[in-house]
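Be aware that the sequence shown starts at 45, since it is given in our numbering, and climbs by one per residue.
Note that CB positions come from ideal geometry on N, CA and C, so glycine has one too.
Only one structure is covered here, and it is reproduced in the block below.
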Amino acid sequence: MSAARVKWLEQERFIGTSPSGHTVPFDSDREQNTAPGPMEMLLLALGACTATDVVTILKKKRQPLEALEVEVSGKRREEPPRVWTEIAVVYRFRGPLDEKAVQDAVALSQTKYCSVSAMLSKTAQLTTRVEIERGETPAR
């Protein structure tokens, strides 16, 4: 079993250590705002998880990906527990990509590979949007 550790530093600031030994700061105090809060980290985790999947899938499909940015935004319940109830994931691609290959990669990530998406979809309605800036056409 993997084990993460979270250590209280001061006020509402914490440092988390991942099972692989990497450290991440957390701050739940919105006035100090020295680091992301735990719920923000969930959005970041979703973005990183699905971006990793999509890049891997597009590489396997030999797609000429030049850039990818994933923007994740959400809405939370007003009452505790303030879980995410709506999450929108926008994928911004650049490159002379095949649109079907891109759509397939996003769908595979969201429905099969991204564990964070699978967990968050239990409490939130997830929507996706794909934007492709064509970039340069490769020489033939």
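- In the structure shown, K103 falls within a helical segment according to DSSP collapsed to helix, strand and coil.
- DSSP, reduced to helix, strand and coil, places P69 within a strand of the structure shown.
- Membership of Q147 in the alpha helix (DSSP H) is indicated by the continuous run 143 to 152.
- Excluding its 5 nearest sequence neighbours in each direction, V134 has C-beta neighbours in its own chain below 6 Å: E115, R173, listed in chain order.
- Rounded to the nearest whole angstrom, the CA to CA distance from K156 to G91 is 15 Å.
- For K51, the three-state secondary structure derived from DSSP is strand.
- By the neighbour-count definition (other C-beta atoms within 10 Å, threshold 16), A149 is a buried residue.
- As the crow flies, the alpha-carbon of Q76 is around 31 Å from that of T96.
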